[in-house]
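Below: the structure, in structure tokens.
In the numbering used here, the protein residues as written are 11 to 325.
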């Protein structure tokens, strides 16, 4: 079954106004697959009938919120795409530490954090690499539903099997019945907040690092520029932005400098510290030896690190 053009246009317009996400023609299948469970839960035969009830009536407001939730929630996993975590550990942290004033504490923003795997992954790798350094992570998402899950820090066996290495599972999580619970010590480092990327940056800044991965790809050019402008305002001078592999600031915003690091790139707010050029072996691919903590004002030496190995994990 295919949804009608009128239904798609109504849903696409509402989602764009509430989240800035652009649902282009050809995404009808996505709308139908995401909204069909809502229709069935409401006792309606199809998405067209469900959306018709959202145009008016007492349940319309809540139903429209559910539509946005369903269409803006994306799948996530632990240490998704190892390259950004390597860049954080091997390049960004040494650059921040070697800058004037050093790095008395690290403030990081994980935007569009979904159910929390990304900020918890970041907290794990930073706790391994920089033990004792005060760490403040602000994690935001548009969906209160996924934020509620993230705050609990509780994940199923299937979820922890998706990318979380066994040594980190044992160290930073404890079994709670059939689920795994993130340790309180790690949870205290993260504050989860509801935030719209097109509104004011979240409390907790200015930030040294912002992770905003696989988000800009859903926006048109004007919205990308607006989001990057707000992120730039939330970064400290010389702070770093980490985007998804298919995303860039080039041709969109002039407030960033693209810096190639290892197998990827990060984006430095202009007039900031210079990144080390050495590219040590991946901290993601080896779990054989303990991780070497980052030393202040020193380039990272080649190392074998247990931080994120897939081979020794449960995936």
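Where a beta carbon is used, it is the ideal one built from N, C-alpha and C, also for glycine.
*asked:* Using 8 Å as the threshold, is the C-beta distance between residue 76 and residue 14 below it?
replied: The residue you call residue 76 lines up with position 66 of the chain shown. The residue you call residue 14 lines up with position 4 of the chain shown. No; because the gap between Cβ atoms is not below 8 Å, this pair is not in contact.
*May I have the straight-line CA-CA distance separating residue 63 from residue 70, to the nearest angstrom?*
Taking the chain shown and counting its residues from 1, the one referred to as residue 63 is at position 53. Taking the chain shown and counting its residues from 1, the one referred to as residue 70 is at position 60. The straight-line gap from Cα to Cα measures roughly 7 Å.
*Between residue 137 and residue 196, is the Cβ-Cβ spacing less than 8 Å?*
Position 127 of the chain shown holds residue 137. Position 186 of the chain shown holds residue 196. Contact flag set, yes.
*Counting only the same chain and skipping the five closest in sequence on each side, list residues whose C-beta sits under 6 Å from that of residue 211.*
In the chain shown, residue 211 corresponds to position 201, counting from 1. Taking residue 211 as the centre and dropping the five residues before and after it, the same chain places the C-beta of 240, 244 closer than 6 Å to its C-beta, in chain order.
*C-beta contact flag for residue 252 and residue 97 at 8 Å*: Position 242 of the chain shown, counted from the first residue, corresponds to residue 252. Position 87 of the chain shown, counted from the first residue, corresponds to residue 97. Residue 252 places its beta carbon less than 8 Å from that of residue 97.
_Can you list, in chain order, the residues of its chain with a C-beta nearer than 8 Å to that of residue 266? Leave out the 5 residues immediately preceding and following it._
As a position in the chain shown, residue 266 is number 256, starting the count at 1. When the five nearest sequence neighbours on each side are left out, the beta carbons in the same chain lying within less than 8 Å of the beta carbon of residue 266 are those of 238, 242, 251, 259, 277, 278, 279, 280, in order along the chain.
*What is the DSSP secondary structure of residue 134, counted as helix, strand or coil?*
If you number the chain shown from 1, residue 134 lands on position 124. DSSP, reduced to helix, strand and coil, places residue 134 within a helical segment of the structure shown.
*Identify the residues that DSSP records as bridge partners of residue 275: which are they?*
The count along the chain shown starts at 1 and reaches residue 275 at position 265. Under DSSP, residue 275 takes part in a beta bridge, and its partners are 270.
_Continuous alpha helix (DSSP H) stretch holding residue 172: start and end_ = What you label residue 172 is simply residue 162 of the chain shown in a count that begins at 1. Per DSSP, residue 172 belongs to no alpha helix (DSSP H) and is neither H nor E.
*Could you give the residue range of the beta strand (DSSP E) that holds residue 120?*
Here the question's residue 120 lines up with position 110 in the chain shown. 116 to 120 is the extent of the beta strand (DSSP E) around residue 120.
*Under 7 Å Cβ to Cβ from residue 80, same chain only, skipping five residues before and after it: list those, please.*
In the chain shown, residue 80 corresponds to position 70, counting from 1. Excluding sequence neighbours, residue 80 sits near 44, 45, 48.
_Suppose contacts are defined by Cβ-Cβ distances below 8 Å. Is residue 78 in contact with residue 28 by that definition?_
In the chain shown, counting from the first residue as 1, residue 78 sits at position 68. In the chain shown, counting from the first residue as 1, residue 28 sits at position 18. Taking the C-beta atoms as reference points, residue 28 is found nearer than 8 Å to residue 78.
_Given this structure, state the Cα-to-Cα distance separating residue 217 from residue 182, to the nearest angstrom._
Taking the first residue of the chain shown as position 1, residue 217 is located at position 207. Taking the first residue of the chain shown as position 1, residue 182 is located at position 172. Going by the C-alpha atoms only, they are around 25 Å apart.
_Need the endpoints of the alpha helix (DSSP H) that residue 239 sits in, please._
Within the chain shown, the letter at position 229 stands for residue 239. Here the alpha helix (DSSP H) through residue 239 covers 231 to 244.
*Should residue 234 be labelled buried (16 or more other beta-carbon atoms within 10 Å of its own) or exposed?*
For the purposes of this step, residue 234 is taken as residue 224 along the chain shown, with counting starting at 1. By the neighbour-count criterion, in which 16 or more other beta carbons inside 10 Å mark a residue as buried, residue 234 falls on the buried side.
_Classification of residue 153 by the beta-carbon crowding that lies within 10 angstroms, buried from 16 upward_ = Residue 153 sits at position 143 when you count from the first residue of the chain shown. Buried, since its Cβ has 16 or more Cβ neighbours within 10 Å.
*asked:* So, with DSSP's three-state summary, where would you put residue 129?
replied: Here residue 129 corresponds to residue number 119 of the chain shown, with the count starting at 1. Residue 129 falls in the helix class under three-state DSSP.
*Which residues bound the alpha helix (DSSP H) around residue 263?*
Residue numbering aside, residue 263 sits at position 253 when the chain shown is read from its first letter. Where residue 263 is concerned, there is no enclosing alpha helix (DSSP H), given that its DSSP letter is neither H nor E.
*asked:* DSSP has residue 165 in a bridge; who is on the other side?
replied: Taking the first residue of the chain shown as position 1, residue 165 is located at position 155. Per DSSP, the beta-bridge partners of residue 165 are 190.
*Please list the segments of the alpha helix (DSSP H) lying wholly inside the stretch 85 to 115, counting only runs of 4 or more residues, in order along the chain.*
Entirely contained in the stretch 85 to 115, the alpha helix (DSSP H) runs reaching 4 residues are, in chain order, 92 to 97, 103 to 108.
_Check whether the stretch 267 to 275 and the stretch 89 to 96 are in contact - that is, three or more C-beta pairs closer than 8 Å._
Judged by pairs of C-beta atoms under 8 Å, the stretch 267 to 275 touches the stretch 89 to 96, as three or more such pairs exist.
_Run of the beta strand (DSSP E) containing residue 146, from where it starts to where it stops_ = Here residue 146 refers to the residue found at position 136 of the chain shown. For residue 146, the enclosing beta strand (DSSP E) starts and ends at 145 to 151.
*Using the C-alpha atoms, what's the distance from residue 30 back to residue 256?*
The residue given as residue 256 occupies position 246 in the chain shown. The residue given as residue 30 occupies position 20 in the chain shown. Spanning the two alpha carbons is a distance of roughly 19 Å.
*When we look at the beta-carbon of residue 231 and count the other beta-carbons within 10 Å, is it buried (16 or more) or exposed?*
By 1-based counting over the chain shown, the position of residue 231 is 221. By the neighbour-count rule (16 or more Cβ atoms within 10 Å), residue 231 is not buried but exposed.
*Report yes if the C-beta distance between residue 88 and residue 120 is below 8 Å; otherwise report no.*
For this step, residue 88 is matched to residue 78 along the chain shown. For this step, residue 120 is matched to residue 110 along the chain shown. Contact flag unset, no.
*asked:* In whole angstroms, give me the CA-to-CA distance for residue 110 and residue 248.
replied: Residue 110 sits at position 100 when you count from the first residue of the chain shown. Residue 248 sits at position 238 when you count from the first residue of the chain shown. Cα-Cα distance, rounded: 11 Å.
*residue 199 bridges to which residues according to DSSP?*
On the chain shown, position 189 is the one that residue 199 refers to. DSSP, once it has assigned bridges, lists no residue as partnering residue 199.
*Tell me, to the nearest whole angstrom, how far the beta carbon of residue 199 is from that of residue 191; I am working on the premise that it is less than 8 Å.*
Looking up residue 199 in the chain shown gives position 189. Looking up residue 191 in the chain shown gives position 181. Rounded to the nearest angstrom, the Cβ distance from residue 199 to residue 191 is 15 Å, too far for a contact under 8 Å.
*May I ask you to report which of helix, strand or coil DSSP gives residue 251?*
In the chain shown, the residue the question calls residue 251 occupies position 241. Here residue 251 sits in strand by DSSP.
*Return the Cβ separation of residue 202 and residue 160 in integer angstroms, given the expectation that the two are a contact with Cβ distance under 8 Å.*
Residue 202 sits at position 192 when you count from the first residue of the chain shown. Residue 160 sits at position 150 when you count from the first residue of the chain shown. Right, their Cβ atoms sit about 5 Å apart.
*Run the CB neighbour count on residue 39, radius 10 Å, all protein chains shown included, and call it buried at 16 or more, exposed below.*
Against the chain shown, residue 39 aligns to sequence position 29. Result: exposed.
*Enumerate in chain order the residues of its own chain whose CB-to-CB distance from residue 215 is below 6 Å, with the five nearest sequence positions on each side excluded.*
Residue numbering aside, residue 215 sits at position 205 when the chain shown is read from its first letter. Excluding residues within five positions, the ones whose Cβ falls inside 6 Å are 244.
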